[in-house]
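Chemist:
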Amino acid sequence: MPKLIVSFLCILLSLTCVNSVQAEEHKDIMQITREAGYDVKDINKPKASIVIDNKGHILWEDNADLERDPASMSKMFTLYLLFEDLAKGKTSLNTTVTATETDQAISKIYEISNNNIHAGVAYPIRELITMTAVPSSNVATIMIANHLSQNNPDAFIKRINETAKKLGMTKTHFYNPSGAVASAFNGLYSPKEYDNNATNVTTARDLSILTYHFLKKYPDILNYTKYPEVKAMVGTPYEETFTTYNYSTPGAKFGLEGVDGLKTGSSPSAAFNALVTAKRQNTRLITVVLGVGDWSDQDGEYYRHPFVNALVEKGFKDAKNISSKTPVLKAVKPKKEVTKTKTKSIQEQPQTKEQWWTKTDQFIQSHFVSILIVLGTIAILCLLAGIVLLIKRSR
């Protein structure tokens, strides 16, 4: 009988927890952000978003498979391939790329994000990484892409798309390596096999997959993205200072504890996007927010960060309650080994009464206070029922 009562109480508590979780899941991103203390307008609601942890658990998603233009966040793929080649020894951080007249001309195109590049100057790869990651320099990105592909734009874009497939990014297709359509380079960068007017296509889910692999394999990228302000070409006549567009970085306008990267992006077709990672203790989160606001309102570069911050805080909270039922990104889910055997594995064997009682006992210990409250409530109800019954019998 005692075990029956305990079982009943466990079921009751489980249902209560499930209802609570379901109620939380039904909140939309606007409600979550407002409850986090941010004043946000409905017109700026993100079109898509996702939050995952460093094991691939999906802690939040909304329209995560909606195809969108990543804009300058496309540069993360170029950096991923660069770090891949760095790991293979095909290039090094100290390797220099000498800027051409074409590179200098690209750096002067006002309509796309850039930094100052001077023809004839040798730029170390480490400096080009900073220029690409922080001020989102299109010319620095192109210099990296050309360096890795021996000046073959089509080969580099093909490599991006082939890598996307290998990583499981099923809804991603690139037409350029930087996020700016090739036609924006005014003929100075013109892939022949790809539409020069087409924007890159991806999803929040696919971007989270790319970032998951990037941080798992090459975490050193964070050394370039974790500061609110950085310098490049220090001690040379070409020294520049850059301020991050990732305003969730500690020290920036919407600085949040634990944020140390990675990239933002914006364009007329993309609106305002953010790809942010944060770490607290042993948990790292990857948060992707796409399509905030409208390009016509340039304050959108600020509007995106309250949504990011609210999802990050929610993610760290939910990461404490991960269970076997928490969904995992299919592209990063480890494949189960299939072992042929006539005997059942330990996991497949039915639980004995002793095993069941041990788990029940552990549950009781971890929820002792809640169980006492429920038992007290039941006791009071039973007492009241008994009093009512006695009154009826006395009549």
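Mapped onto mature numbering (1 follows the signal peptide of the UniProt record, and there is no 0), the consecutive letters of the sequence shown carry residue numbers -23 to -1, 1 to 372. All C-beta atoms, glycine included, are put in the ideal place defined by N, C-alpha and C. All figures in this text were calculated on a predicted structure; none of them were measured in a lab.
As a quick exercise: from Ala175, Val236, Thr220, pick the residue whose alpha carbon is nearest that of Val199.
Modeler: The residue you asked about is not Val; residue 199 is Leu in the sequence shown. Of Ala175, Val236, Thr220, the residue nearest in Cα terms is Val236.
Chemist: Quick check: what's the CA-CA separation for Thr118 versus Val111?
Modeler: The straight-line gap from Cα to Cα measures roughly 11 Å.
Chemist: Between the alpha carbons of Leu63 and Arg136, how many angstroms are there, rounded?
Modeler: Taking the straight line joining both Cα atoms gives about 16 Å.
Chemist: Can you tell me whether Asn115 is buried or exposed, with buried defined as 16 or more other CB within 10 angstroms of its CB?
Modeler: Burial call: buried.
Chemist: Enumerate in chain order the residues of its own chain whose CB-to-CB distance from Asn92 is below 8 Å, with the five nearest sequence positions on each side excluded.
Modeler: So the qualifying residues of the chain are Ser84, Met108, Pro112, Ser114, Val116, Ala117, Ala209, Glu217, Phe219.
Chemist: Work out the CA separation of Pro304 and Glu38 for me, nearest whole Å.
Modeler: So the alpha carbons of these two residues sit roughly 10 Å apart.
Chemist: What ranges does the beta strand (DSSP E) occupy inside the stretch 237 to 312, keeping only unbroken runs of at least 3 residues that lie completely in it?
Modeler: Whole beta strand (DSSP E) segments, 3+ residues: 248 to 257, 260 to 269.
Chemist: Tell me which residues share the same chain as Thr68 and place their Cβ nearer than 8 Å to its Cβ, disregarding the 5 neighbours each side in the sequence.
Modeler: Closer than 8 Å at the Cβ level, and outside the excluded window around Thr68, lie Leu59, Asp62, Ile102, His124, Leu125.
Chemist: Three-state secondary structure (DSSP) at Phe60?
Modeler: Helix, per DSSP.
Chemist: What's the C-alpha gap between Thr140 and Ala48?
Modeler: Answer to the nearest angstrom: the Cα atoms are 19 Å apart.
Chemist: I need the straight-line Cα distance from Gly164 to Thr77, nearest angstrom please.
Modeler: Cα-Cα distance, rounded: 15 Å.
Chemist: Do you know offhand how far Ala99's Cα is from Thr75's?
Modeler: If you take the alpha carbons of Ala99 and Thr75, they lie about 4 Å apart.
Chemist: I want to know whether the stretch 144 to 159 touches the stretch 180 to 193 - three or more CB-CB distances under 8 Å.
Modeler: Counting Cβ pairs under 8 Å, three or more are found: they touch.
Chemist: For Thr264, which option in Gly145, Leu192, Pro205, Leu352 has the closest C-alpha, if you only look at C-alpha atoms?
Modeler: For the residues Gly145, Leu192, Pro205, Leu352, the minimum Cα distance to Thr264 belongs to Leu192.
Chemist: Taking buried to mean at least 16 other C-beta atoms within 10 Å of its own C-beta, is Val28 buried or exposed?
Modeler: Buried: at least 16 other Cβ atoms inside 10 Å.
Chemist: Measuring CB to CB, does Ala247 end up less than 9 Å from Ile6?
Modeler: Going by C-beta atoms, Ala247 is not nearer than 9 Å to Ile6.
Chemist: What does the Cβ neighbour count give for Leu360, buried or exposed, with the cut at 16 atoms within 10 Å?
Modeler: Answer is exposed; the Cβ neighbour count stays below 16.
Chemist: Please identify the residue among Pro154, Ala159, Pro23 whose C-alpha is closest to the C-alpha of Leu52.
Modeler: A small fix is needed here, since residue 52 is Lys in this sequence, not Leu. With distances taken between Cα atoms, Lys52 lies closest to Pro154.
Chemist: With 16 other CB atoms within 10 Å as the buried threshold, where does Gly212 fall?
Modeler: Burial call: exposed.
Chemist: Would you give the residue range spanned by the beta strand (DSSP E) that Tyr100 belongs to?
Modeler: Looking at the DSSP string, the run of the beta strand (DSSP E) that includes Tyr100 is 99 to 101.
Chemist: Just reading off the beta strand (DSSP E) that Leu36 is part of, what are its end residues?
Modeler: Taken as a continuous stretch (DSSP letters only), the beta strand (DSSP E) holding Leu36 covers 35 to 39.
Chemist: Consult DSSP for Ala161 and reduce its assignment to one of helix, strand or coil.
Modeler: Looking at Ala161 - three-state DSSP - the assignment turns out to be helix.
Chemist: Where do the ends of the alpha helix (DSSP H) carrying Ser90 lie?
Modeler: Segment: none, Ser90 is in no alpha helix (DSSP H) and carries neither H nor E.
Chemist: Ignoring anything shorter than 3 residues, give me the beta strand (DSSP E) runs that lie fully in the stretch 151 to 216, in order along the chain.
Modeler: Counting only runs of 3 or more, we get 206 to 209.
Chemist: For the alpha helix (DSSP H) that contains Ile121, what are its first and last residues?
Modeler: Per DSSP, Ile121 belongs to the alpha helix (DSSP H) from 115 to 126.
Chemist: If I measure Cβ to Cβ from Pro130 and keep anything under 6 Å in the same chain, skipping five residues before and after, which residues do I get?
Modeler: Correct list, in chain order: Pro168.
Chemist: If you count every other CB in all the chains shown that lies within 10 Å of the CB of Tyr87, and 16 or more means buried, which is it?
Modeler: Tyr87 is exposed by the Cβ-count criterion.
Chemist: DSSP three-state call for Ser26: helix, strand or coil?
Modeler: Looking at Ser26 - three-state DSSP - the assignment turns out to be strand.
Chemist: Enumerate in chain order the residues of its own chain whose CB-to-CB distance from Ile368 is below 8 Å, with the five nearest sequence positions on each side excluded.
Modeler: Correct list: empty, nothing qualifies.
Chemist: In the DSSP assignment, what are the bridge partners of Thr218?
Modeler: DSSP output for Thr218 lists Lys208 as bridge partner(s).
Chemist: Using CA coordinates, which residue listed in Arg182, Ala356, Ala157 is at the minimum distance from Ile89?
Modeler: With distances taken between Cα atoms, Ile89 lies closest to Ala157.
Chemist: On a CA-only basis, which of Val289, Ser244, Lys291 is nearest Trp272? Give me that one, please.
Modeler: Ranking Val289, Ser244, Lys291 by Cα distance to Trp272 puts Ser244 first.
Chemist: Within the same chain, show all residues whose beta-carbon is closer than 7 Å to that of Val160, passing over the 5 residues directly before and after it, in chain order.
Modeler: Val is not the amino acid found at residue 160; the sequence shown has Ser there. For Ser160, where only same-chain residues beyond five positions count, the Cβ hits under 7 Å are Asn173, Asn174.
Chemist: Tell me whether the beta-carbon of Ala362 lies closer than 9 Å to the beta-carbon of His34.
Modeler: Not closer than 9 Å, so no.
Chemist: Have a look at Val56 and Val351 and give me their C-alpha separation to the nearest angstrom.
Modeler: The displayed chain sequence assigns Leu, not Val, to residue 56. Between Leu56 and Val351, the C-alpha separation is close to 55 Å.
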